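J.: Please find one structure pasted underneath; my questions will follow.
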């Protein structure tokens, strides 16, 4: 217990910024309270021994955390920005809801892009007109995403209701319908977020029909207020570079897995079904953590459904 008291005395004399003082005090008191309660309840010497080392470790961790806050300005300020990377904007869940009824369960998360207005934001120093254009660009993106989500959910609910009516009319029962566990899910994934760029994928799925799943890709240049293209990343020869890389990766995958088939690719036993031919300016992609574009093809688009969504990273 002597070590504990000494650790707490050291801790009490360390200055910590603002509201973090209360957080650290509360955490230490909770740990001490748990230890005292445990000691009173269990008299066994072994248990007491374990608790002594537990609280000592907890106190050391808290002290180390506090010292880091006082000696590292970047670390302390960084707490205000978690989980935002040093960039012009961050992505937040602006609306989420769940709804469960006899027909289906719905789970929706709607993302929204929010500009960082802090001192490190790239907006600081911009002229007013430039800043207003950036704000309008982000507003338009958010409105588009909101509209896509609303329309998708409404369309999915209508399709499910029509499916249910057909199911009942062909001899199905309400109990059998409930066992189908029909669901609608809308979610998103931030693929890349740094400097002036943001890459976001919005995914919408219906459990009863995989063909109705959709992905929406947003690759934003927040400095120029534009959607990033493959040409922007890979240069003028983006079509040639992408096609060669995709074909090479396809052949490698087929060699490694004999069950794989890419339609219209010679030499892999595929049929005459039209599959991959070439990328173009409308080809879907996101930017990964390395800054490389990852070209995406929907399920059934270039291969049989069992292979799922196909992705190909194109090295810059």
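In the UniProt record's numbering, the protein residues as written are 1 to 316.
All C-beta atoms, glycine included, are put in the ideal place defined by N, C-alpha and C.
Small disclaimer: the values here were computed from a predicted structure and weren't measured.
1) So, is residue 110 buried or exposed, given that buried needs 16 or more other C-beta atoms within 10 angstroms?
2) According to DSSP, is residue 186 helix, strand or coil?
3) DSSP on residue 215, reduced to helix/strand/coil?
4) Sort out for me which residues DSSP pairs residue 221 with in a bridge.
5) Looking at the structure shown, is residue 132 part of a helix, part of a strand, or coil, going by DSSP?
6) Mark residue 279 as exposed unless 16 or more other C-beta atoms lie within 10 angstroms of its C-beta, in which case mark it buried.
7) Got a sec? Which residues, its chain only, sit under 6 angstroms from residue 308 by beta carbon, not counting five neighbours each side?
8) Can you tell me where the alpha helix (DSSP H) with residue 295 in it begins and where it stops?
9) Which residue from 145, 283, 177, 170 puts its Cα closest to that of residue 160?
10) Thinking C-beta only, is residue 233 closer than 8 angstroms to residue 293?
11) With which residues is residue 276 paired in a DSSP beta bridge?
12) Determine, using beta carbons only, whether residue 182 and residue 103 come nearer to each other than 8 angstroms.
13) State the DSSP-derived secondary structure class of residue 153, mapped to helix, strand or coil.
14) Would you call the CB atoms of residue 88 and residue 114 closer than 8 angstroms?
15) On the three-state DSSP scale, how would you describe residue 256?
16) Is it the case that the segment 136 to 155 contacts the segment 204 to 216, given that we only count it when at least three CB pairs across the two stretches are under 8 angstroms?
17) With residue 313 as the anchor, note down where its beta strand (DSSP E) starts and where it stops.
18) How would you label residue 222, buried or exposed, when you count the other beta carbons within 10 angstroms and need 16 or more for buried?
19) Which residues in the same chain have their Cβ closer than 6 angstroms to the Cβ of residue 311, if we skip the five residues on either side of it in sequence?
20) From which residue to which residue does the beta strand (DSSP E) around residue 178 run?
21) Assuming residue 198 and residue 220 make a contact with CB atoms under 8 angstroms, what is their CB distance in whole Å?
22) Per DSSP, residue 93 is paired with what?
23) Which whole-angstrom value describes the C-beta separation of residue 163 and residue 288, a residue pair presumed to lie in contact below a C-beta threshold of 8 angstroms?
T.: Short version:
1) buried
2) strand
3) strand
4) 197, 226
5) Correct three-state label for residue 132: helix.
6) By the 10 Å Cβ count, residue 279 comes out buried.
7) 299
8) Careful: residue 295 lies outside any alpha helix (DSSP H), inside the beta strand (DSSP E) at 293 to 297.
9) 177
10) yes
11) BP columns for residue 276 are empty, so no partner.
12) yes
13) Here residue 153 sits in helix by DSSP.
14) no
15) Helix.
16) Because the criterion of three Cβ pairs below 8 angstroms is met, the segment 204 to 216 and the segment 136 to 155 touch.
17) Element bounds for residue 313: 310 to 313.
18) buried
19) 294, 296
20) Not the beta strand (DSSP E): residue 178 falls in the alpha helix (DSSP H), residues 174 to 178.
21) 5 angstroms
22) Answer by DSSP bridge pairing, in chain order: 111.
23) Contact flag wrong, Cβ pair sits at about 36 angstroms.
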